[in-house]
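Heads up, the thing below is written out as structure tokens.
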Amino acid sequence: MAKLWTIIKREYLERVRTRWFVMATVFGPVFFGSLILIPAYMAKKSKASTEFANTIILDGTTTGVGQRIADALNFKRPAGSVAPVVRVVAAAELSQAESTATHQVMSKQASGYLVLDAQTVKGDSLRYAGRNASNLNDMEALRNTVKETILRERLEEAGVRSDKIKALTLLPLKLSAQRISDAGRGGSGTVSIIFAGVVAFLLYMSIVLYGQNVLRGVLEEKTTRVAEVVVSSVPSETLLAGKVLGVGAVGLTQQIIWVVASVVMFKVRAPLMSRLGVPTAPFQMPEISIGFGILLLLFFLLGFTFYASLYAAVGSSVNTEQEAQQAVQPLLIMLVATAVFINPILMNPTGGTAHVMSILPFSAPIIMPLRLAIGSVPWWDIASSLVALALSCVVAVWIAARIYRVGLLMYGKRPTMKEMARWISYSH
Amino acid sequence: MADYTVEIENVSKRYAEHVAVNNLTLHVPKGSVYGLLGPNGAGKTTTIRMILNIIAPDQGTIRILGVPFNDSRITDRIGYLPEERGLYRKMQVRRVLRFLAELKGVNGAVADQRITEWMERFDLRNAEKDWGLSKIDELSRGMQQKVQFIGTLLHDPDLVILDEPFSGLDPINAQALKDTIVDLKRRGKTVIFSTHLMDNAERICDAVCIIARGEKVLDGSIAAIKDSHGSRNIALSLDGGSSNGVGAILADRKLVKRVDDSNRYFEVELVDGANPQELLHRIVATGASIQRFELVQPSLHQIFLERVGARTRAPGEEPWAEGVEIGMTGHG
Chain Z
25 MAKLWTIIKR EYLERVRTRW FVMATVFGPV FFGSLILIPA YMAKKSKAST
75 EFANTIILDG TTTGVGQRIA DALNFKRPAG SVAPVVRVVA AAELSQAEST
125 ATHQVMSKQA SGYLVLDAQT VKGDSLRYAG RNASNLNDME ALRNTVKETI
175 LRERLEEAGV RSDKIKALTL LPLKLSAQRI SDAGRGGSGT VSIIFAGVVA
225 FLLYMSIVLY GQNVLRGVLE EKTTRVAEVV VSSVPSETLL AGKVLGVGAV
275 GLTQQIIWVV ASVVMFKVRA PLMSRLGVPT APFQMPEISI GFGILLLLFF
325 LLGFTFYASL YAAVGSSVNT EQEAQQAVQP LLIMLVATAV FINPILMNPT
375 GGTAHVMSIL PFSAPIIMPL RLAIGSVPWW DIASSLVALA LSCVVAVWIA
425 ARIYRVGLLM YGKRPTMKEM ARWISYSH
Chain E
2 MADYTVEIEN VSKRYAEHVA VNNLTLHVPK GSVYGLLGPN GAGKTTTIRM
52 ILNIIAPDQG TIRILGVPFN DSRITDRIGY LPEERGLYRK MQVRRVLRFL
102 AELKGVNGAV ADQRITEWME RFDLRNAEKD WGLSKIDELS RGMQQKVQFI
152 GTLLHDPDLV ILDEPFSGLD PINAQALKDT IVDLKRRGKT VIFSTHLMDN
202 AERICDAVCI IARGEKVLDG SIAAIKDSHG SRNIALSLDG GSSNGVGAIL
252 ADRKLVKRVD DSNRYFEVEL VDGANPQELL HRIVATGASI QRFELVQPSL
302 HQIFLERVGA RTRAPGEEPW AEGVEIGMTG HG
């Protein structure tokens, strides 16, 4: 046990001391910080622009609706913007007026023009052309304004009193979407999808990165022949276990630092945003229960052990980095195949694919935490996934330990699959 | 209790393609310097790995320091220097050494003290520079070999196993290694080292075992081996090289069993029962001028060639095809 600890300690400390680890650990929170701040900043950018009211209204309806729309736009106009201009035009001269307005927009006297005609009064269609035509917020505001104005006019025609109209049309409907799971309501739907995506991606990244790390470590010990000295002091299984645990601990350390930094980042987000001049949108932190945390840890540990021991087996069976790159392909294919399914499963976390992939050992450590993050999963699903993964883990470690033991001392030609199968059968 | 540090009885190890070690029996006396000799691929490394419990024999028993080889208590009492050397390149020297010591159950504080002592002894730490704080890959090859050798001895092992320790050493380091081996023996430790360099073995070993193709060819103390191979050897040196007449005499299979041209002299082995005087008379008769004609004990090198090479080499024939290297190490 003391020797296992010696190996774990070396694997851990030598990695944590590297510049690479320090860089990645610092870069992580910066990355998450930008993940939180940039969308908020972008959202600010895409708010209704000040240009939105600076519109020419070509009214070809003879109903005077143009002026009413202008009044409504004027009312909603952001500070510092130019008031809209109404031009009443005969229906026949509309196209002429449109080309004049186009020139005005081109020379930046107006941001765009709105065309009102008989179709608009009927409630069918509305045309707008302008520089901000691609700003969804502007267009939505414009459409709503016209809609409301026409609605008021119709109500007036129907004989509704004008003070009544105001009360009737005032409908500031705000949609707040809440997620419902088996455990009840809670959390915002979008947040949990983003959160689940981040969890899956992080698990994928750390398994790939630290799996490769194990492989390189094994290869280094083999090529420098340190392995031979070490296995003359401890059984090869102890060396393998120490390596996998040590590297796993490094990965865990990094993730804990990342999570803590992200939470802190989240806490200071509001003051930081107001300094940037961005109003903080209500952004709910995903709720993380202790149970979820423990399951996440369990899946990470099992998944990492599964992949890391296989990576170690690959590392012990080759002699050079180049050979390693080839030999590692099957492992990478399993991981990439899982990553490819992250998106579809995010969209449909209760579908058949999701179920199958949370049982298969190579994808379970990534897909199951993803499903857990999105919403509640029946306990028997979690249990069967864990059992399948744990059993595969035992098999993978057993096979890896046997390949590792022989491969570590075998130099020269890269073994074929058949030879590796024979190594597994060697008694010692 | 045991008179032998290592007892190997009827051990065999087979791989799919070949038999690495076949029915090997050998005994390494306690407190001796023991040479494991043989050409490349003879099974020396496999034997060493089995002693170290890195691989297990298919059959036979191995006892070390009186207990079975796979007893976990003995690994801490063995020090091992593998043939191919290397250490964690990016790691600080002191940390590597402490790691190796801790793997052998030495606690950190004791290890630190011993590291300092050894580093001073091998001049890796002096008033000007402490290499212990450098990374392994900042050290020269010679220094790295010293570090590895220190790593082998930090836990003060009772049995030290060195696989081809002299390969790649410069004369100064080879001398330092030889001195350390002698010192270990003086302190009652047992040293086993493998080599294919007979000169080294003859100089340092108390006893040797020669193996070839996985089988023991002979073993015993150097003195006993030499005695058993008799004094049938003659060192012959001629002024101006060998004339044709002498060549014909040396090629006479009734008189001469084998000849080894060592450049400055011939080492001649006579056939059993042949009279050295007859050889002398016949050479004198050719008119050749003799500088040296001396009855000598066969060198270990000769014995090795005779027993392993197994082929008699007449003058002018191609040299040994057995993979025996007659390389000389720098020291001496």
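Chains as they are written, first to last, in the numbering used here: chain Z, 25 to 452; chain E, 2 to 333. Glycine residues also receive a C-beta, built at the ideal position from the N, C-alpha and C atoms.
Residue i, DSSP secondary structure in three states
i	result
phenylalanine 330(Z)	helix
isoleucine 65(E)	strand
alanine 134(Z)	coil
histidine 230(E)	coil
leucine 263(Z)	helix
serine 416(Z)	helix
glycine 80(E)	strand
serine 168(E)	coil
isoleucine 193(E)	strand
serine 313(Z)	coil
isoleucine 366(Z)	helix
glycine 346(E)	This structure cannot speak to residue 346(E), because chain E is shown only from 2 to 333.
Straight-line Cα distance separating residue j from residue i
i	j	result
leucine 155(E)	isoleucine 427(Z)	31 Å
alanine 289(E)	glycine 221(E)	40 Å
tryptophan 404(Z)	isoleucine 137(E)	53 Å
leucine 195(Z)	isoleucine 189(Z)	11 Å
isoleucine 350(E)	leucine 239(E)	Here chain E has residues from 2 to 333 only, and residue 350(E) is not among them.
glycine 32(E)	valine 161(E)	11 Å
leucine 320(Z)	proline 393(Z)	6 Å
isoleucine 390(Z)	glycine 376(Z)	16 Å
leucine 178(E)	isoleucine 366(Z)	60 Å
arginine 312(E)	glutamine 303(E)	Confidence in arginine 312(E) is poor, its pLDDT being 36 and thus under 50, which makes the residue's placement unreliable; the coordinate value appears in the next sentence. Those two C-alpha atoms are separated by around 12 Å.
aspartate 157(E)	leucine 185(E)	10 Å
glutamate 35(Z)	alanine 165(Z)	60 Å
valine 271(Z)	serine 382(Z)	25 Å
proline 58(E)	valine 297(E)	41 Å
isoleucine 55(E)	phenylalanine 70(E)	10 Å
asparagine 78(Z)	alanine 116(Z)	25 Å
methionine 441(Z)	isoleucine 448(Z)	11 Å
Beta-carbon spacing of residue i, residue j below 9 Å
i	j	result
alanine 220(Z)	arginine 438(Z)	no
alanine 114(Z)	glycine 84(Z)	yes
alanine 332(Z)	isoleucine 423(Z)	no
aspartate 207(E)	tyrosine 35(E)	yes
leucine 384(Z)	phenylalanine 324(Z)	no
proline 83(E)	threonine 191(E)	no
leucine 237(E)	tyrosine 266(E)	yes
alanine 94(Z)	proline 108(Z)	yes
isoleucine 235(E)	glutamate 203(E)	no
methionine 289(Z)	glycine 57(Z)	yes
arginine 214(E)	leucine 271(E)	no
glutamate 252(Z)	leucine 433(Z)	yes
lysine 5(Z)	isoleucine 31(Z)	Missing from the structure shown is residue 5(Z); chain Z here goes from 25 to 452 and no further.
Residue i beta carbon near the ligand SAH (any heavy atom closer than 8 Å)
i	result
glycine 154(Z)	Within the structure as shown, the ligand SAH is missing, as the structure has no ligands at all.
Neighbour flag for residue i against chain E, beta carbons, 9 Å
i	result
alanine 17(Z)	Residue coverage of chain Z in this structure runs from 25 to 452, which leaves residue 17(Z) outside it and unanswerable.
threonine 30(Z)	yes
threonine 42(Z)	yes
threonine 248(Z)	yes
glutamate 347(Z)	no
lysine 291(Z)	no
methionine 25(Z)	no
serine 340(Z)	no
Minimum Cβ-Cβ distance from residue i to chain Z less than 9 Å
i	result
threonine 76(E)	yes
isoleucine 9(E)	no
proline 83(E)	yes
alanine 146(E)	Per the sequence shown, residue 146(E) should be read as glutamine rather than alanine. No, glutamine 146(E) does not count as interfacial toward chain Z.
tyrosine 89(E)	yes
glutamate 139(E)	no
lysine 136(E)	no
glycine 215(E)	no
arginine 312(E)	Note that arginine 312(E) has pLDDT 36, beneath the 50 cutoff, so the model's placement of it is unreliable and no number is given.
asparagine 174(E)	no
Against chain E: residues of the segment 262 to 281 of chain Z by CB proximity under 9 Å:
none
Could you name the residues of the segment 424 to 440 of chain Z whose beta carbon sits closer than 8 Å to any beta carbon of chain E, in the order they occur along the chain?
Leu433
Proximal residues, the segment 12 to 46 of chain E versus chain Z, C-beta separation under 8 Å:
Ala17
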